[in-house]
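Inspection log for the structure reproduced underneath, given as structure tokens.
Chains as they are written, first to last, in our numbering: chain Z, 77 to 198; chain H, 108 to 553.
And the structure:
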């Protein structure tokens, strides 16, 4: 069974219930980034910590990068869906940023601003 | 051929119930996922229409979920119910594949229960080939011992596939250069717990720590080779894998609860522990842990028939059309088949009206229009550029193309052309989505 499953999974790669589970098998690359909220105090917080978001002109998040470093597309999409689903008014000024995590010695900014917004803590 | 199991000497009915419950849970979860999805720019371009049509189709999902849950319950209730097991696998498979086609590839945490149940069925079939029918009470224990081994083997194959994928991609360098650091950075939920934030930060700032975690990942996944072959080895591997899953769950939100339940259920000698506990309270002896599977080789005819059945499944899995479909699960790269690029005719008056006077140089939701025209009457071709990347999109009246559109509006199907020089990311689909949103806004105007 072990061998049969392994061979079948190698054939289809991913077709229920067979999979080679290839997630996270690649290299780390030079860095990664993710969309986060930056408060007026400079703290980086998950966007899901706020609601009633109102942004000047929300970009398509997964097309944005910071110092050439992008994020994971589906996570960016989930963030954007959250922001659109939790739109509203009022609250405090928040900067939507792309926070960068570098894994090499290249000097990069820690974050890039994407758009100015207001939001209310949940 | 088959080593002893921690469940030897006891009924496997609890394992069957756990498997049935997990399958029912997966079926309901799959139906719930699909109930909120609709075909979009990131849907599989070659998915069958009926599969995409399940998105947000509550009546159809209710029927499939009911069949899947009922079959899971029937499988769990009585031994040897191969038909119900296959029905449950099919129901879960349709839902998982619908989600995969609609969204952006499958959610792998949903695969473990199905893999284990497939292994269970394979074990029952192997037993039947030996003349053992789990439906006969006197043969249930021996037949389900084989089913248990099949299930454990399938779970082991899942983990060994994961470790093989990592080693096949970067070799043992995965420990140093692998994506664990990147995964933690991109997925950790900051602000949920100060302790977990500190752990995640430590892993990101201290290379030795993340290398150690990566090494443990490979070790625990490779230990799955022990799962089918040794009673103590199975418990040891289950412990390592549970530790791995727990660590991943704490450092990221990535959880594989079904796999963890399977490891807990199949990995430890629960019957012996309960029997010991009962023996203490009732002054009775514990169950003897005698192997339920007869030692030595099984009949060669049964082995041959089983190998033939496995070969059939493996052969189907390697069919080129199936592979072509599944290889697009996470790397969607097709809209219309790549046609030649003839010179474009100017927009017709009808298309010009549709696009509201759009001209080369205008912007659509952050994408600059660099080319605009018609490749055939009514078929608008529009080239969009952003940050040095470009995509050629096509707008066709809805339902007039032979291809499944990756995204549609009320009146139009949208496609993109892709060339081999394009980067392997989702840029074309993002551009197509932006174009669709822009078109929908225009369609809503009186």
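Note that the Cβ used here is the ideal one computed from N, Cα and C, for glycine as well.
- DSSP links residue 135 of chain Z through a beta bridge to no other residue.
- The count of Cβ pairs closer than 8 Å, one atom from the segment 199–218 of chain H and one from the segment 158–173 of chain H, reaches three, so the stretches are in contact.
- Closest in alpha carbon position to residue 169 of chain H, among H:355, H:199 and H:188, is H:199.
- In this structure, the beta-carbon distance from residue 127 of chain H to residue 180 of chain H falls below 8 Å.
- Separation of residue 179 of chain Z and residue 289 of chain H (C-alpha to C-alpha, rounded to the nearest whole angstrom) is 8 Å.
- In this structure, the alpha-carbon of residue 187 of chain H lies about 45 Å from that of residue 157 of chain Z.
- For residue 364 of chain H, the enclosing alpha helix (DSSP H) begins and ends at 364–374.
- Membership of residue 272 of chain H in the alpha helix (DSSP H) is indicated by the continuous run 244–277.
- Under the three-state reduction of DSSP output, residue 115 of chain Z falls in the coil class, being neither helix nor strand.
- Neighbours of residue 434 of chain H in chain Z, taken as residues whose beta carbon is under 7 Å from its own, are 89 in chain order.
- In this model, residue 454 of chain H and residue 521 of chain H are separated by some 17 Å (Cα to Cα).
- For residue 222 of chain H, the nearest CB of chain Z lies under 8 Å from its own CB, placing it at the interface with that chain.
- As computed with DSSP, residue 520 of chain H is found in a beta bridge with H:503 and H:515.
- The closest CA to that of residue 115 of chain H, considering only H:256, H:385, H:177 and H:141, is found on H:256.
- A direct Cα-to-Cα measurement between residue 434 of chain H and residue 150 of chain H gives close to 14 Å.
- Per the Cβ contact rule, the segment 137–147 of chain H is not in contact with the segment 159–178 of chain Z (fewer than 3 Cβ pairs under 8 Å).
- The segment 455–462 of chain H and the segment 99–119 of chain Z do not touch, with fewer than 3 CB-CB distances between them shorter than 8 Å.
- Residues of chain Z with a Cβ closer than 9 Å to the Cβ of residue 429 of chain H are, in chain order, 87, 88 and 91.
- Pairing residue 136 of chain Z with residue 537 of chain H gives a Cβ-Cβ distance under 8 Å.
- Against chain Z, the CB of residue 535 of chain H has no partner CB under 8 Å away; the residue lies outside that interface.
- Residue 89 of chain Z counts as buried, since no fewer than 16 other beta carbons sit within 10 angstroms of its beta carbon.
- Of the residues assessed, residue 426 of chain H falls on the exposed side of the cut-off, its CB having fewer than 16 other CB atoms within 10 angstroms.
- Interface flag for residue 421 of chain H against chain Z is set, since a Cβ pair is found closer than 8 Å.
- Take residue 297 of chain H, set aside five residues on each side of it, and the residues of its chain with a beta-carbon closer than 7 Å to its own are 304, in chain order.
- Counting C-beta pairs closer than 8 Å gives three or more between the segment 496–505 of chain H and the segment 539–546 of chain H, which meets the contact rule.
- Rounded to the nearest whole angstrom, the CA to CA distance from residue 193 of chain H to residue 202 of chain H is 14 Å.
- Between the alpha carbons of residue 416 of chain H and residue 336 of chain H lies a gap of roughly 22 Å.
- Across the set H:113, H:195, H:291 and H:185, the C-alpha of H:291 shows the shortest separation from the C-alpha of residue 312 of chain H.
- Setting aside the 5 residues that flank it on each side, residue 327 of chain H is surrounded in the same chain by 347, 348, 350 and 351, each with a C-beta closer than 7 Å to its C-beta; the list follows chain order.
- The segment 220–239 of chain H makes contact with the segment 406–413 of chain H: 3 or more CB pairs, one atom from each, lie closer than 8 Å.
- Counting along the chain, the unbroken alpha helix (DSSP H) around residue 352 of chain H starts and ends at 338–358.
- With a threshold of 8 Å between beta carbons, residue 477 of chain H makes no contact with chain Z.
- Pairing residue 119 of chain H with residue 251 of chain H gives a Cβ-Cβ distance under 8 Å.
- Taken in chain order, the members of the segment 476–501 of chain H whose beta-carbon sits within less than 8 Å of a beta-carbon on chain Z are 493 and 494.
- Per DSSP, residue 195 of chain Z is one residue of the beta strand (DSSP E) stretching across 187–197.
- The Cβ neighbour count for residue 310 of chain H, taken over all protein chains shown within 10 Å, is at least 16; the residue is labelled buried.
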